[in-house]
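Residue numbers for the sequence shown, in full-length UniProt numbering: 1 to 735.
Even glycine gets a Cβ: it sits at the ideal position worked out from N, Cα and C.
Predicted model only: the values in this text are computed from it and were never measured.
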Amino acid sequence: MNERSLSFFIVKEIAGLILFGIGIAMLLSIYSHDPFDPSLSSITERQSFNYIGIIGSYASDILISGFGLGSYAIAILIMLFGLYVILKGTPTAIITKITGFVLFILALSILLQITTVIWPIEGLGFKNTFQLINYDAGGIIGRIFAGLLTNYLNKAGAIIFLLLLLVIGFLLITHLSISRLFQFFWKRTKESTKIFSIKIQKKVEMKKKEKSRKKVAEKHAKVLQEKITKEPSGPEPVMDKIQELPQEPKQLPLDLWEKSGRFMLPPITLLNKASEEIKTDLDEIKENKLLIEDKLAEFAISGKVVEMHPGPVITVYEFKPDPGIKFSRITALGEDLAMALKAESIRIDRIPGAATIGIEVPNNKRETIFLRDILESDLFTQSKSKLTIALGKYSDGSPMVSDLQAMPHLLIAGVTGSGKSVAINSLICSTLYKATPDEVKFILIDPKRVELKLYDKIPHLLVPVIWEAKQAANALKWLVKEMVNRHKKLAEYNVRNIAQYNTMIETDLEEMDLPLETKQEMKPLHYITLIIDELADLMMLAQAEVEESIQRLAQMARAVGIHLILATQRPSVDVITGVIKANFPCRISFKVSTRVDSRTVLDVTGAEQLLGKGDMLFIPPGMPRLLRIHGSYISEKEIHRLVNFWNRQMEPQYIEEILLDDQEKTGFSGEKDPLFDEAVEIVVAAQQGSISLLQRRLKIGFGRAARLIDQMEASGVVGPAYGSKPREVLIKRSE
Numbered sequence: 001m002n003e004r005s006l007s008f009f010i011v012k013e014i015a016g017l018i019l020f021g022i023g024i025a026m027l028l029s030i031y032s033h034d035p036f037d038p039s040l041s042s043i044t045e046r047q048s049f050n051y052i053g054i055i056g057s058y059a060s061d062i063l064i065s066g067f068g069l070g071s072y073a074i075a076i077l078i079m080l081f082g083l084y085v086i087l088k089g090t091p092t093a094i095i096t097k098i099t100g101f102v103l104f105i106l107a108l109s110i111l112l113q114i115t116t117v118i119w120p121i122e123g124l125g126f127k128n129t130f131q132l133i134n135y136d137a138g139g140i141i142g143r144i145f146a147g148l149l150t151n152y153l154n155k156a157g158a159i160i161f162l163l164l165l166l167v168i169g170f171l172l173i174t175h176l177s178i179s180r181l182f183q184f185f186w187k188r189t190k191e192s193t194k195i196f197s198i199k200i201q202k203k204v205e206m207k208k209k210e211k212s213r214k215k216v217a218e219k220h221a222k223v224l225q226e227k228i229t230k231e232p233s234g235p236e237p238v239m240d241k242i243q244e245l246p247q248e249p250k251q252l253p254l255d256l257w258e259k260s261g262r263f264m265l266p267p268i269t270l271l272n273k274a275s276e277e278i279k280t281d282l283d284e285i286k287e288n289k290l291l292i293e294d295k296l297a298e299f300a301i302s303g304k305v306v307e308m309h310p311g312p313v314i315t316v317y318e319f320k321p322d323p324g325i326k327f328s329r330i331t332a333l334g335e336d337l338a339m340a341l342k343a344e345s346i347r348i349d350r351i352p353g354a355a356t357i358g359i360e361v362p363n364n365k366r367e368t369i370f371l372r373d374i375l376e377s378d379l380f381t382q383s384k385s386k387l388t389i390a391l392g393k394y395s396d397g398s399p400m401v402s403d404l405q406a407m408p409h410l411l412i413a414g415v416t417g418s419g420k421s422v423a424i425n426s427l428i429c430s431t432l433y434k435a436t437p438d439e440v441k442f443i444l445i446d447p448k449r450v451e452l453k454l455y456d457k458i459p460h461l462l463v464p465v466i467w468e469a470k471q472a473a474n475a476l477k478w479l480v481k482e483m484v485n486r487h488k489k490l491a492e493y494n495v496r497n498i499a500q501y502n503t504m505i506e507t508d509l510e511e512m513d514l515p516l517e518t519k520q521e522m523k524p525l526h527y528i529t530l531i532i533d534e535l536a537d538l539m540m541l542a543q544a545e546v547e548e549s550i551q552r553l554a555q556m557a558r559a560v561g562i563h564l565i566l567a568t569q570r571p572s573v574d575v576i577t578g579v580i581k582a583n584f585p586c587r588i589s590f591k592v593s594t595r596v597d598s599r600t601v602l603d604v605t606g607a608e609q610l611l612g613k614g615d616m617l618f619i620p621p622g623m624p625r626l627l628r629i630h631g632s633y634i635s636e637k638e639i640h641r642l643v644n645f646w647n648r649q650m651e652p653q654y655i656e657e658i659l660l661d662d663q664e665k666t667g668f669s670g671e672k673d674p675l676f677d678e679a680v681e682i683v684v685a686a687q688q689g690s691i692s693l694l695q696r697r698l699k700i701g702f703g704r705a706a707r708l709i710d711q712m713e714a715s716g717v718v719g720p721a722y723g724s725k726p727r728e729v730l731i732k733r734s735e
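Following this line, the structure appears as structure tokens:
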């Protein structure tokens, strides 16, 4: 806003305030008018008792004498005009509005004079009520013109003429259209009549059903009574004691669980079954169909709802617009449709492959989607990927699963209470039902300290759940080093990704020309899933380190089986930076606060219109269009049962060096590792300089074992690396 427009804006508001103040002052002066106050009609030396003082007494005397009761209309119209200037700005067609104002006041004053003639000042509760004084109801103006009109038109004709002038003056002031007003009220009447008729039909049908139920019940009661009277009475039955069912589902024998390697996968009975499915209210759907068509017709958008698709949370109404109707005109009416349907919010989107527009309206009764429903579906059970995740259900109620390997990373955003944490629980538990600790490992970062604490004992963890920002940064650095080492390993054996490497070990290892010890050390690589529950907290504390590590992992980690899931409740550009966003093509947005937040996450608006509690928009891998998914729910009790199941099979085996920085890993910067001497003894005794040998014997991670080998090379204990073969040991056992 430049200086010129700013000054005009201020002048406009000041002018509006002045007009509004004048209107209030006029109204108060008229109300508190006393005919004995100093004025043009009363010359006196006494003090003015008018609320606005001596100016008010003169002004009210002029207004009441000139226009009578019409003076109230003058004050009120000036107040409204001032408000209009403040809120809307300078009015257009000012001459037309002034003409309408004059016509309205004149017609009102004359009409009051004809119908009322005289009125007592105390009759309206004026201040001076101890003496009755009469005024012309239309003032001097009303008395003059009333006499002229009644002489030529008589009283009835004059009233009709004045009413027409009142309407014309009102239309000139407001610029309203009589035809549009009539159409508006006619549509409202039709809409109310339709809804009323639908409600009456519902009540009639309910009464009919109730009558039929009573008839059937009476009929069965008669038949039962006849049977009881015919059958002889026998001995009283002995009631068995009814045992209460346990609250938690019974665990199946081990041989009934699915076995995967040395671990047993959990049974589905650990999770709760879904409650009864909520039946679709067909009457509600029909009523909404009529309301949508009528509301759009009010805005000159003609068309028809051709199909309705009810689902567990929303119902999609397919609206087919008539030729010539733009899609943008319909999307602009989202709020108006939500008001007409009394809905929290609605979403309007084009339906792919069809010449219709989908209007997504929330159901009055919402169905809860349990995780067990998705895990029992064929899509999940028949998926071979160990990183298959259960997201929820589509709008039509069909299950939705996806593969983290195909994504290969996932960004999740949404306000507090929108369903992010429940979605992360569903993703983790999906993996726990699909993969063993030998196949998938987790690194969980939870700066809030409350969301991921439940998983602290599962054997899939590489480290305990991380809370501190420094440890999180160290874990990300370790993950980058692990990624680099894995890339070197894949390049060494000429394979492109982790799947080919694991297949090579399982099928082709025996045929490879490698030493026997090397073959024994080679094992399949597990997948690693990194989950950060609140990215914003990490970015505030260590943005440079965190963003750099996430960028490298997002760009290069897919081939080596490392996948990232990042979640945040503050989807601003300083948290979801351009670097992060560019490397996360798959994104989920739950309900967000504004259209700007929706664009930040999804590049389009729409997430601000979601319902919360698991309602999400998902950009799937390889698809440019958004999918609306309703997330699955899993309770804390179910998570506890699942975690206890895995914990009984195996305790977590943590790699402590993941949480340490470089100085902490080696004790002091520039000094040898405290385990150096012990490592030298192991290498010399085995006459084999192998990283995996040190990992097994010393129970340390790959990174620390690799540094020990490098320190031995620098000390002359082992020779340089030579391909995939173990390093040559330069010191003999005798030495």
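Inset, instruction - Compute the minimum distance between the beta carbon of I458 and the heavy atoms of the ligand SAH, and state whether it is under 7 angstroms. - result: Among the components of this structure there are no ligands whatsoever, and the ligand SAH is therefore not found.
Inset, instruction - Just tell me which of P38, T44 and A343 has its CA closest to the CA of Y58. - result: To locate residue 58, count along the sequence shown from 1; it is residue 58. Among P38, T44 and A343, the Cα nearest to that of Y58 is on P38.
Legend entry - Nearest to I86 (by Cα), restricted to the options Y72, I64 and G21: Position 86 of the sequence shown holds residue 86. Comparing Cα positions, the closest option is G21.
Legend entry - Sequence ranges, alpha helix (DSSP H) only - wholly within the segment 542-598, length at least 4: 578-582
Inset, instruction - Could I get the ranges of all uninterrupted alpha helix (DSSP H) runs contained in the segment 255-304, with 4 residues as the minimum, in chain order? - result: 282-298
Inset, instruction - Quick one: grab the DSSP three-state call for G716. - result: Position 716 of the sequence shown, counting from 1, holds the residue named residue 716. It is coil, neither helix nor strand.
Legend entry - Residue range of the beta strand (DSSP E) that includes T315: The residue labelled residue 315 in the question sits at position 315 within the sequence shown. First-last of the beta strand (DSSP E) with T315: I314 to P321.
Legend entry - Contact set for S302: own chain, Cβ-Cβ below 8 angstroms, skip 5 residues either direction: Here residue 302 corresponds to residue number 302 of the sequence shown, with the count starting at 1. Within the same chain, S302 has close Cβ partners L296, P321, D322 and I325.
Inset, instruction - Would you kindly work out how many angstroms separate the C-alpha atoms of A554 and Q569, rounded to a whole number? - result: One-based indexing of the sequence shown puts residue 554 at position 554. One-based indexing of the sequence shown puts residue 569 at position 569. One C-alpha to the other measures close to 21 angstroms.
Inset, instruction - May I ask you to list the residues that DSSP assigns as paired with residue 762? - result: Past the boundaries of the shown model lies residue 762; the chain is included only from 1 to 735, so the question cannot be answered.
Legend entry - Beta-carbon proximity list for I655, same chain, < 7 angstroms, skipping 5 on both sides: As a working note, residue 655 is residue 655 in the sequence shown. Within the same chain, I655 has close Cβ partners L462, V463 and G701.
Inset, instruction - Could you work out which residue in E651, I412 and L432 is closest to D597 when comparing CA atoms only? - result: Here residue 597 refers to the residue found at position 597 of the sequence shown. Of E651, I412 and L432, the residue nearest in Cα terms is I412.
Inset, instruction - Reducing DSSP to helix, strand and coil, say where R625 ends up. - result: If you number the sequence shown from 1, residue 625 lands on position 625. Note: R625 maps to coil in three-state DSSP.
Inset, instruction - Pick out whichever of S60, D378, A499 and A25 has its Cα sitting closest to the Cα of S42. - result: To locate residue 42, count along the sequence shown from 1; it is residue 42. Nearest option by C-alpha distance: S60.
Legend entry - Residues sharing a beta bridge with K393, DSSP: Sequence index remark: in the sequence shown, residue 393 carries index 393 (1-based). In DSSP, K393 forms a bridge with P399 and H630.
Legend entry - R449, DSSP secondary structure in three states: Residue mapping note: residue 449 aligns to position 449 of the sequence shown, counting from 1. Note: R449 maps to coil in three-state DSSP.
Legend entry - Within-8 angstroms CB hit, D61 to chain C: Structure shown: chain C not included; a single protein chain is present.
Inset, instruction - Taking L525 as the reference, give the member of E534, V560 and T189 with the closest Cα. - result: The sequence position of residue 525 within the sequence shown is 525, counting from 1. For L525, the nearest C-alpha among the options comes from V560.
Legend entry - Distance, Q687 Cα to V729 Cα: By 1-based counting over the sequence shown, the position of residue 729 is 729. By 1-based counting over the sequence shown, the position of residue 687 is 687. Cα to Cα, V729 sits roughly 6 angstroms from Q687.
Inset, instruction - To the nearest angstrom, report how far apart N583 and Q551 are at their CA atoms. - result: As a first step, residue 583 must be located in the sequence shown, where it is residue number 583. As a first step, residue 551 must be located in the sequence shown, where it is residue number 551. Approximately 7 angstroms, taken between the alpha carbons.
Inset, instruction - May I ask you to report which of helix, strand or coil DSSP gives Y501? - result: Here residue 501 refers to the residue found at position 501 of the sequence shown. In the structure shown, Y501 sits in a helix (DSSP, three-state: H, G or I).
Inset, instruction - Given a cut-off of 8 angstroms, decide if L404 and T529 are closer than it, judged by their beta-carbon atoms. - result: As a position in the sequence shown, residue 529 is number 529, starting the count at 1. As a position in the sequence shown, residue 404 is number 404, starting the count at 1. Yes; because the gap between Cβ atoms is below 8 angstroms, this pair is in contact.
Legend entry - Nearest-angstrom Cβ-Cβ length linking T96 and L172, presumed shorter than 8 angstroms: Mapped onto the sequence shown, residue 96 falls at position 96. Mapped onto the sequence shown, residue 172 falls at position 172. Sure, about 5 angstroms apart at Cβ, within 8 angstroms.
Inset, instruction - Verify whether the separation of the beta carbon atoms of S635 and N272 is less than 8 angstroms. - result: Here the question's residue 635 lines up with position 635 in the sequence shown. Here the question's residue 272 lines up with position 272 in the sequence shown. The answer is yes: Cβ separation under 8 angstroms.
Inset, instruction - Enumerate in chain order the residues of its own chain whose CB-to-CB distance from N497 is below 6 angstroms, with the five nearest sequence positions on each side excluded. - result: The residue you call residue 497 lines up with position 497 of the sequence shown. Correct list, in chain order: A559.
Inset, instruction - Work out the CA separation of M623 and R347 for me, nearest whole Å. - result: Taking the first residue of the sequence shown as position 1, residue 347 is located at position 347. Taking the first residue of the sequence shown as position 1, residue 623 is located at position 623. Rounded to whole angstroms, R347 to M623 spans 20 angstroms at the Cα level.
Inset, instruction - Alpha carbon to alpha carbon, how far is K448 from V415? Give it in angstroms, no decimals. - result: Stepping through the sequence shown from its first residue, residue 415 is reached at position 415. Stepping through the sequence shown from its first residue, residue 448 is reached at position 448. Their backbone Cα atoms lie some 15 angstroms apart in a straight line.
Legend entry - Exposure of L19, with buried meaning 16 or more beta-carbon neighbours within 10 Å: Along the sequence shown, read from residue 1 onward, the residue named residue 19 stands at position 19. It is buried - the Cβ of L19 has at least 16 other Cβ atoms within 10 Å.
Inset, instruction - Within 10 angstroms of the Cβ of R372, are there 16 or more other Cβ atoms? Answer buried if so, exposed if not. - result: Working through the sequence shown from its first residue, we reach residue 372 at position 372. With 16 or more other Cβ atoms within 10 Å, it is buried.
Legend entry - At least three beta-carbon pairs within less than 8 angstroms, the segment 429-443 to the segment 457-476: yes
Legend entry - I424 vs I562 beta-carbon contact at 8 angstroms: Within the sequence shown, residue 424 is the residue found at index 424, counting from 1. Within the sequence shown, residue 562 is the residue found at index 562, counting from 1. No. Outside cutoff.
Inset, instruction - For the beta strand (DSSP E) containing L171, list its first residue and its last residue. - result: Within the sequence shown, the letter at position 171 stands for residue 171. Segment G139 to T174 is the alpha helix (DSSP H) holding L171; no beta strand (DSSP E) there.
Inset, instruction - Starting from the Cα of A137, find the closest Cα among A706, I691, Q113 and H640 and give me that residue. - result: The residue you call residue 137 lines up with position 137 of the sequence shown. Comparing Cα positions, the closest option is Q113.
Inset, instruction - Going by DSSP, name the residue or residues bridged to P310. - result: For the purposes of this step, residue 310 is taken as the residue at position 310 of the sequence shown. Partner(s): T315.
Legend entry - Spatial distance of I355 from L617 (CA atoms): If you number the sequence shown from 1, residue 355 lands on position 355. If you number the sequence shown from 1, residue 617 lands on position 617. Before going on, a small fix: residue 355 reads as Ala here, not Ile. The straight-line gap from Cα to Cα measures roughly 22 angstroms.
Legend entry - C-alpha gap between A472 and L659, whole angstroms: Residue numbering aside, residue 472 sits at position 472 when the sequence shown is read from its first letter. Residue numbering aside, residue 659 sits at position 659 when the sequence shown is read from its first letter. Near 7 angstroms, if we compare the C-alpha coordinates of L659 and A472.
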